[in-house]
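Chains as they are written, first to last, in the working numbering: chain A, 3 to 220; chain B, 3 to 220; chain C, 1106 to 1338; chain D, 1106 to 1338.
Comments concern the structure below.
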Amino acid sequence: MALSREQIAMRVAQEFKDGSYVNLGIGIPTLAANYVSDDISVMLQSENGLLGMGRYPSENEVDADMINAGKETVTASTGASIFSSAESFAMIRGGHVDFTVLGAFEVDQQGNIASWMIPGKLVKGMGGAMDLVAGAKNIIVTMTHADKHGNSKLLEHCKLPLTGVNCITHIITDLAMLEIKDNAFHLRERAPGVSVDEIREKTAGNLIVEGDIPEMRV
Amino acid sequence: MALSREQIAMRVAQEFKDGSYVNLGIGIPTLAANYVSDDISVMLQSENGLLGMGRYPSENEVDADMINAGKETVTASTGASIFSSAESFAMIRGGHVDFTVLGAFEVDQQGNIASWMIPGKLVKGMGGAMDLVAGAKNIIVTMTHADKHGNSKLLEHCKLPLTGVNCITHIITDLAMLEIKDNAFHLRERAPGVSVDEIREKTAGNLIVEGDIPEMRV
Amino acid sequence: MAGFDKVVSSYEEAMAGLKNDMTIIAGGFGLCGIPEGLIAQIKKMGVSGLTVVSNNCGVDGFGLGILLEDKQIRKMVASYVGENALFEKQLLNGELEVELTPQGTLAEKMRAGGAGIPAFFTATGYGTPVGEGKEVREFNGRPYIMEESITGDFAIVKAYKADRYGNCIYRHTAQNFNPMAATAGKITVVEVEEIVEPGEIPPSQIHTPGIYVDRVIQGTFEKRIERKVTRSA
Amino acid sequence: MAGFDKVVSSYEEAMAGLKNDMTIIAGGFGLCGIPEGLIAQIKKMGVSGLTVVSNNCGVDGFGLGILLEDKQIRKMVASYVGENALFEKQLLNGELEVELTPQGTLAEKMRAGGAGIPAFFTATGYGTPVGEGKEVREFNGRPYIMEESITGDFAIVKAYKADRYGNCIYRHTAQNFNPMAATAGKITVVEVEEIVEPGEIPPSQIHTPGIYVDRVIQGTFEKRIERKVTRSA
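Rendered as structure tokens:
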């Protein structure tokens, strides 16, 4: 059965290692923070200038000067640092953030991603997404495998304007976990109860299935 | 009579305005700090990362962590700021320092300066001089008008390897204060008792003398 | 040290010299860390044809959004402008031009502008619409695009505290774009919550050295919160 | 938060992985703010063929100067190397290569290296021997040269305090090149006067966020003064 948003987030969180610095985009990626194993610690980077983002504040902790990149009120965890936007993106662009997790409209088998602009619709801006995909060491895209009309979002070539090129290595969808390399999507894991055939059918790009594909543990 | 080192420094200090941020090179430039008028305040920038350099420390104020760009122990004045070398040169390169005063081997009528390298002699390095001459709003060169063999240091074209090009606007020598513009040295002031003829004789580059040339007040 | 006293006593003085068609660089991220009083003064002055460089353009009725009401902004350079219905309307009408710039590139463009770096290379935006028309060059086998720096006629900045010499510190994530904006204005104006005496901020804790700052004004701030989220008790 | 505990207990651990022919970026200005114990460890390890990037190369017998004694440095990238007779001798003998780099360009090259900026333009050095062979380009009518960034296999840094997560602050002008060096190493090692617990340094006062730091070691420092000057009483 296809994964829920929470299950996708759960599977994302399994990628993190103890001591990982992680930037989580808005939506499903943000949920991943809730599923980090108790055995490890990760530190959340928020690109508006906060490393060590903590929990949402209690009512009396709310502070207009303490927000995250989603413009939500947050707290800083113990050992956090706060800095300018230039420093924040020096970290990101310079490859110091271990994981970036973000959503996308489309990903293709070259590792290109389209996530910010649909021609004909009003463009609101890319925010920090282009810097994040250009800079992070490991980028995980979370999205549904196909759109609501059943059209695959895993393509041979992205059709929408790109956010970044040759940058995505891992995709976690509601159906599967895939790795991108050598100009193909390599199927690594299936969502519990989802068949390889279903994944194949919903993957428009070149899908490589080698050996038995295990089910995810979520 | 030719100015002493102290008198050159005195004349330099007259250029500063109330509220000027000033970077002083080693030697005569450093002396200028002693002759700033009581009516005005200047703030000294030391390129190792100190804005608001204070006096030398008393014996019990000496601190290995508080030095100037000449590697001398110093103090910070009230209202000083301390920052990284990148920030320091952002200030310098970005044109935020009002005056840079430095010595030179040669200056030419295009405003080029040679101050760091004599071919055949061991090269020790340019330190921050190239950044300072590329960045400051006003650059004052202090030097003797001629070398000890009587050869002019104010040339049509510098012969030594350059520190910077088209950057010097004012020169204060032991004989005169000159402004560089329109590809010429314009004589502005004479040292007390020094004749225009002597200055003309010791200036190899194109010297322009317009009207009466007043004596400096030092 | 009268020559270093940057404190002005009115918003008129703070923004004196601002004219039509000038470029303003503004600190702030969303509504966090914005110079509220300086923005209000720009509205009051009625100058128009402005180019405004800021990560966002406020919201309807608050922050930089209020400069849209009388169509004072001709061009906006920002990374995200999705919080603002009036912005959308003027954009679709062709009354407003927008240059969308990746957030990190925008921060670096401001920093570079203040630091005398006219251009730099970044991988951000290569192969995307942002890279179109920009020079591409490879370094160590990876393609990068050249981005030019930004400076402004004015920079408007919100700090937590400043001393009379203009040395500033920022509070929490209200720092954001403010330090870079402060370096990139021909005239940099800082609106603060508290003016302190020189020496009160330890030298190594100063975020923005006073050399970048031309004017300091004591402000009052509403500090509106864009998305208040709290944890369940 | 064991995964973020960067503290190591020996200099061997601190410099583990350093090999012949690697590039080391070192903080410090003259003898001020130098990682004395890390330099001593490099000497002890006996690695050679090093490229060292640092504003200066210490003095005879102290600071980076001790790495000259056993000819461990093959190439020095610095802005000023005039304090060191052994340096001169090895340079004249052809045993040592030097790449003189303007001080501000050097600082920016390190910062750019850490920040993912492969190259930038600066007016510094244009028309001088430093600009020879470098690309020249005009911006707003002024010529600039292109300078490429620097990164190192190791960065060695001296901080005043660091917490276990690697968050650092520097003391007075011992800051100098240290923050940029810290960003530019594949492995960044910080030697400190005091290790504190996370949270002791207020978040907005941290000069170097721990994300740049791989290892932290408690050091002991001689802090030799190069030019002690005092005022007459």
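Backbone N, C-alpha and C fix where the C-beta goes; we use that ideal spot for every residue, glycine too.
From a predicted model like this one, the values you see are computed outputs, not experimental measurements.
DSSP, read as helix, strand or coil, puts V135(B) in helix. For L52(A), the enclosing beta strand (DSSP E) stretches over residues 52 to 55. Scanning the stretch 121 to 199 of chain A for uninterrupted beta strand (DSSP E) segments of 3 residues or longer gives 140 to 145, 172 to 175, 178 to 183, 186 to 192, listed from N- to C-terminal end. Listed as beta-bridge partners of F1226(D) by DSSP are M1251(D). Judged by beta-carbon spacing, G1138(D) lies beyond the 8 angstroms limit of A1267(D), meaning their Cβ atoms are not closer than that value. Around the beta carbon of R57(B), a 10 Å sphere encloses fewer than 16 other beta carbons of the protein chains shown; the residue is thus reported as exposed. Rounded to the nearest angstrom, the gap between the Cα atoms of A35(B) and A66(B) is 22 angstroms. CA-to-CA, the gap between H172(B) and I115(B) works out to about 11 angstroms. Between M93(A) and A78(A), the C-beta gap is not smaller than 8 angstroms, which leaves the two residues out of contact. Taking a cut-off of 8 angstroms on C-beta distances, the stretch 94 to 109 of chain B does not touch the stretch 201 to 220 of chain A, as fewer than three cross pairs fall below it.
Secondary structure note for A1287(C): its alpha helix (DSSP H) is the uninterrupted segment 1283 to 1288.
Nearest to D184(A) by alpha-carbon distance, out of P194(A), I170(A), G72(A), G81(A), is I170(A). Annotated three-state conformation of Q16(A) is coil, per DSSP. Secondary structure of M1181(D) (DSSP, three-state): strand. A Cβ-Cβ distance of about 3 angstroms is found for the pair R95(A) and G1221(D), placing them in contact under the 8 angstroms criterion. As a beta-bridge residue in DSSP terms, R1332(D) pairs with E74(B). Judged by pairs of C-beta atoms under 8 angstroms, the stretch 1286 to 1293 of chain C touches the stretch 1255 to 1269 of chain C, as three or more such pairs exist.
The three-state secondary structure of A1220(C), taken from DSSP, is coil. A distance below 8 angstroms separates the beta carbons of M1285(D) and A88(B). Using a CB distance cut-off of 8 angstroms, D133(A) counts as an interface residue toward chain C. Y1265(C) sits in a strand when the DSSP states are folded into three classes.
When CB distances to chain A are screened at a threshold of 7 angstroms, the residues of the stretch 1182 to 1197 of chain C falling below it are A1183, S1184, Y1185, V1186, G1187, E1193, in chain order. Residue state for I1147(C) is assigned as helix, using DSSP reduced to three classes.
Under the three-pair Cβ rule at 8 angstroms, the stretch 152 to 165 of chain A counts as touching the stretch 199 to 208 of chain A. Residues of the stretch 1297 to 1314 of chain D that bring their beta carbon within less than 9 angstroms of a beta carbon in chain B comprise H1312, in sequence order.
Taken atom to atom, the span from the alpha-carbon of G27(A) to that of S1184(C) is near 15 angstroms. At least 8 angstroms separates the beta-carbon of V1203(C) from that of L1197(C).
For V1164(D), the secondary structure class from DSSP, reduced to helix, strand or coil, is strand. For the stretch 51 to 63 of chain B, the residues whose beta carbon sits under 9 angstroms from a beta carbon of chain C are, in order, L52, L53, G54.
By the rule that beta-carbons nearer than 8 angstroms mark a contact, Y1275(D) does not touch chain A. Chain A places no beta carbon closer than 8 angstroms to that of P1140(C), leaving this residue out of the contacts. By the CB criterion at 8 angstroms, G1154(C) and D1175(C) fall outside the cutoff.
Taking C-beta separations shorter than 6 angstroms and ignoring five residues to either side along the sequence, the partners of T1313(D) in its chain run C1273, P1284, A1287, following chain order. In the structure shown, R202(B) falls within a helical segment according to DSSP collapsed to helix, strand and coil. Non-local C-beta neighbours of R192(B) in its own chain, meaning closer than 6 angstroms and more than five positions away in sequence, comprise A178, I215, E217, ordered along the chain.
Using beta-carbon distances, Y23(B) counts as an interface residue toward chain C, with a partner under 8 angstroms.
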